[in-house]
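Number 671 marks the last residue of the sequence shown (full-length UniProt numbering); no jumps.
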Amino acid sequence: MEEEFFKTTSVTDFKLKNIGNPPRGYNIQRNQDVYSKFPFKPDYSDRKSDFISHCLQNPGTDAIKGYYYELVRISENQGPIWQELIESALNYIDSRLDCSDFVLLGIMRLYCQLSQKPLVTPKILQHSKKTILMFKYWPDEPGNDSMCYWTENHHIMFAVNEYLAGQLFPDEIFSNSKMSGREKVTKASKRILKWLELRFYTGFNEWLSNIYFDEDLTALLNLIDFCNDTEIVRKAKIIVDLLLFDMALNSFYGQFVSTHGRCYAAEKKNALIESTTDTMKLVFGMGVFANNDNMSAVTLALSEKYTPPEVLISIASDVNRSEMQNLQRVGIKIREAAKWGINYKDVDNGLILLSFESYVHPKTINVMVKMLDRFRWWDNQFFQEFGPFKQALRIGKYFGLTICLALIFIKDLTRNTREENNIYTYRTPDYMLSSSQDYRKGYGGDQQHIWQATLGPEAVCFTTHPGGYENTAPEGYWLGSGYLPRVGQVKNVLISIYKIPRMGGILLRKNLPFTHAWIPKNKFDEVIERNEWVFARYQEGYLALFSQHKYYWHPQGGDKDMEIIANGRHNIWIMEMGRKEDYGSFSAFVDSISSSNLKFGRQSVKYASPSQGNLEFGWNGHLKQNGKKLNLKNYPRYANPYCKTSFGAENIHIKHLDKEIFLDFNKAGRT
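Below, the structure written as structure tokens:
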């Protein structure tokens, strides 16, 4: 029966099943868009029209976001539509597979906005209503599954879906929870308001994610378009403004190539397949309609109540500025959770803490055990590592043993945790360098992308300590990090210091004894090696990379001539960037840097940078420039040419030229 307590599993391929063949007359040919380096049309309304045309000219896919183009066809009454894609999406949700909340956002838009359109059949509407009334909207409801509810993006998606479901059917009883729609609205609104509050005052802990900003935007736009609560709508608009501001500040000609709180390997290497690139081109005019893994661009194109503020579009287009420096703080310290109204005791607050993925932090491990019991998560595939320790964890929490365990293995066990981060992005017309300053040095990594140098969409460079030879974290080779470096950046120069432990931990049993750099030769116009430096040019932008220990190019396989490997558990990498405007020629850049003075200690370096002077940095101590200590911590909320706001401020003022916007969260003001 529908009301039964039933068990589902997670999913690995994130594909829609049994979609059959497209209907007769359905266009199955993909029409590839072209990358726009500069705004291809000045008006947002024109860009929206072009994106809608692009959707109509391209087929849906069997990816879980692949049916979103059908929503555009329905909206424009441009059939035929691929009905089986929508039916399969509904079946996916009914099966309670991981990321069902992604899929349900589109069904909510279909039901709320498009239900009266001619192409929507009664069968689809009936199935949609049944799905909405049956779904499990939060871990405290019946049903054992392996859906992820708790990360920052999932947190808001589940809450928005629950709120809108309750608002749609206020007097219905939802079969899984036995709650009325009105009860669901009340329950979800609390989570929504807390989530919005944390994002305004502390930013996104999945900072600058070129993957998960797509999900955040889609959920927030559903709120804006369909929620009946004026306060929630106004506050959601403020957070969308700030999310787009983050993208404008930390992008390079429509490429979201910054440091990221969560990112995957392929998107690091190629900005034109990021989940946010369609949205970049729609909102800012730069990027590409990639038809790859995006739902927020469709949602923006269909939105009737949100238009991006002109000041944000103006800032993103300010690409000819000789230099732009953005300092920005995001996230919180877990030990300071009380400062933000979060306790460590009850499961409701525990779920908020899980949005930072603080599973076994010493402050949160006891409430984590409580949630494993309360929500029957011992069988959830995301928590399978806890299974063998079930009894020990249950007993240990009464004697303080779990906290001791968390303290002993904190650097391994909290590798997922995203705490306070200080972001530094430096951009010129020819390159961008972005990093997380001194972020959790020596801790295990997961999906964080700590730094990147960018000259073009695929002309990029970054270093990591690989967790293993797999494609998933923490054992990923290019995905995430085994252990995080200590990074310090001064404008166009960055130093990244690695100190890899010999002993493995609980989550990562073996630590590889090398670090490596991604620097694909075939994506640059020139690559030169001199005096142990590697130099690369793309158009009029330059970069120089140095490894403390001897390096070699990967000799074979898919990473041949794309990867540099340096053996050693301790290593220091140096990146310096430049441009023709500053040096006159690439050869002058090479000459200048290859003759610079470098002096290494075991875990420190003194570098006489041609552009930034004498830099000193080590595993411990301050980053110094010409003897002056530079701050790597406690950045403002924003410090850049367009906005100067202290962390935790009550309002945010953004201005460029004659355009501006003033955001006041408490008053839900946006003027």
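Cβ coordinates follow ideal geometry from the N, Cα and C atoms, glycine included.
Checklist entry - For the beta strand (DSSP E) that glycine 396 lies in, which residues bound it at each end? => result No beta strand (DSSP E) contains glycine 396, which is instead part of the alpha helix (DSSP H) from 390–396.
Next on the checklist: With a threshold of 6 Å on Cβ separation, who are the neighbours of glutamate 3 within its own chain once the five nearest residues in sequence on each side are excluded?
Outcome noted: Residue confidence for glutamate 3 is low, a pLDDT of 35 falling below 50, so the modelled location carries little weight; the figure read from the coordinates is stated next. Hits under 6 Å: Ser175.
Next on the checklist: Suppose only complete runs of 3+ residues qualify. What are the beta strand (DSSP E) ranges in the segment 423–461, listed by chain order?
Outcome noted: 432–436, 451–454
Checklist entry - If you draw a straight line from the C-alpha of lysine 268 to the C-alpha of alanine 566, how long is it? => result 20 Å
Checklist entry - Going by the CB atoms, is the gap between methionine 503 and leucine 545 shorter than 9 Å? => result no
Checklist entry - Of the residues Ala406, Thr463, Gly203, Val369, which one's Cα is nearest the Cα of isoleucine 395? => result Val369
Checklist entry - With a CB to CB cut of under 7 Å and the five nearest residues on each side skipped, what residues in its chain are close to cysteine 148? => result Asp98, His154, Phe382
Next on the checklist: Can you confirm whether the segment 436–446 touches the segment 404–419 when touching is taken to mean that 3 or more C-beta pairs between the two stretches lie within less than 8 Å?
Outcome noted: yes
Checklist entry - Tell me which same chain residues have a C-beta within less than 8 Å of the C-beta of asparagine 492, skipping the five on either side of it? => result Tyr426, Thr428, Tyr431, Leu433, Glu576, Met577, Gly578, Ser611, Gln612
Checklist entry - If you pair each beta-carbon of the segment 319–330 with each one of the segment 246–255, do three or more pairs fall below 8 Å? => result yes
Checklist entry - Around the C-beta of tyrosine 552, are 16 or more other C-beta atoms found within 10 angstroms, so that it is buried, or is it exposed? => result exposed
Item to check | Status (buried if at least 16 other CB within 10 Å, exposed otherwise) for isoleucine 173 | outcome: exposed
Next on the checklist: Between which residues of its own chain and aspartate 94 is the CB-CB distance below 6 Å, once the five residues before and five after are set aside?
Outcome noted: Thr131
Item to check | First through last residue of the beta strand (DSSP E) which encompasses threonine 664 | outcome: In the sequence on display, residue 664 carries aspartate and not threonine. Run containing aspartate 664: 659–664, per the beta strand (DSSP E) assignment.
Next on the checklist: Looking at tyrosine 542: is its Cβ nearer than 9 Å to the Cβ of phenylalanine 589?
Outcome noted: yes
Item to check | Enclosing beta strand (DSSP E) for isoleucine 528 [first to last residue] | outcome: 526–530
Checklist entry - Per the contact definition of three or more C-beta pairs closer than 8 Å, is the segment 156–167 in contact with the segment 185–196? => result yes
Checklist entry - Exposed or buried, what is cysteine 404 when buried is set at 16 or more other beta-carbons lying within 10 Å of its beta-carbon? => result exposed
Checklist entry - Between which two residues does the alpha helix (DSSP H) containing tyrosine 26 stretch? => result No alpha helix (DSSP H) holds tyrosine 26; DSSP gives it neither H nor E.
Item to check | Secondary structure of residue 674, DSSP reduced to three states | outcome: The structure shown does not extend to residue 674, since the chain is modelled only from 1 through 671, so no value can be given for it.
Next on the checklist: Is it buried or exposed, glycine 400, if we count other Cβ atoms within 10 angstroms and call 16 or more buried?
Outcome noted: exposed
Checklist entry - Looking only at its own chain, which residues have a Cβ that is under 6 Å from the Cβ of lysine 7, when we skip the five neighbours before and after it? => result Bear in mind that the predicted position of lysine 7 carries a pLDDT of just 46, short of 50, making it unreliable; the figure below should be weighed with that in mind. The residues are Asn144.
Checklist entry - From this set, Ile450, Pro501, Lys499, Ala159, which residue's C-alpha is nearest glutamine 489's C-alpha? => result Ile450
Item to check | Three CB pairs or more closer than 8 Å across the segment 63–79 and the segment 107–114 | outcome: yes
Checklist entry - Which residues does DSSP pair with arginine 602 in a beta bridge? => result The partner list for arginine 602 (beta bridge, DSSP) is empty, contrary to what the question assumes.
Checklist entry - When DSSP builds the beta bridges, which residues end up paired with valine 487? => result Ser496
Next on the checklist: I'd like the list of long-range same chain contacts for asparagine 571, defined as Cβ closer than 6 Å, with 5 residues on each side in sequence excluded.
Outcome noted: Tyr498, Thr515, Gln548, His549
Next on the checklist: For a test of the three-state rule: what should DSSP assign to arginine 502, helix, strand or coil?
Outcome noted: coil
Item to check | Cα-Cα separation between methionine 371 and phenylalanine 226, rounded to whole angstroms | outcome: 32 Å
Checklist entry - Can you tell me where the beta strand (DSSP E) with arginine 537 in it begins and where it stops? => result 533–538
Checklist entry - Are the CB atoms of arginine 569 and asparagine 631 nearer to each other than 9 Å? => result no
Next on the checklist: Just to check my reading of the structure: isoleucine 652 and proline 309 have Cβ atoms closer than 8 Å, yes? What is that Cβ distance to the nearest angstrom?
Outcome noted: Not confirmed; about 12 Å, so no contact.
Item to check | Residue burial classification, isoleucine 28 (beta-carbon count within 10 angstroms, cutoff 16) | outcome: exposed
Next on the checklist: I need the boundaries of the alpha helix (DSSP H) containing histidine 653, first residue and last residue.
Outcome noted: No alpha helix (DSSP H) holds histidine 653; the beta strand (DSSP E) holding it covers 651–656.
Checklist entry - Do you know offhand how far tyrosine 44's Cα is from leucine 300's? => result 11 Å
Checklist entry - What is the DSSP secondary structure of histidine 622, counted as helix, strand or coil? => result coil
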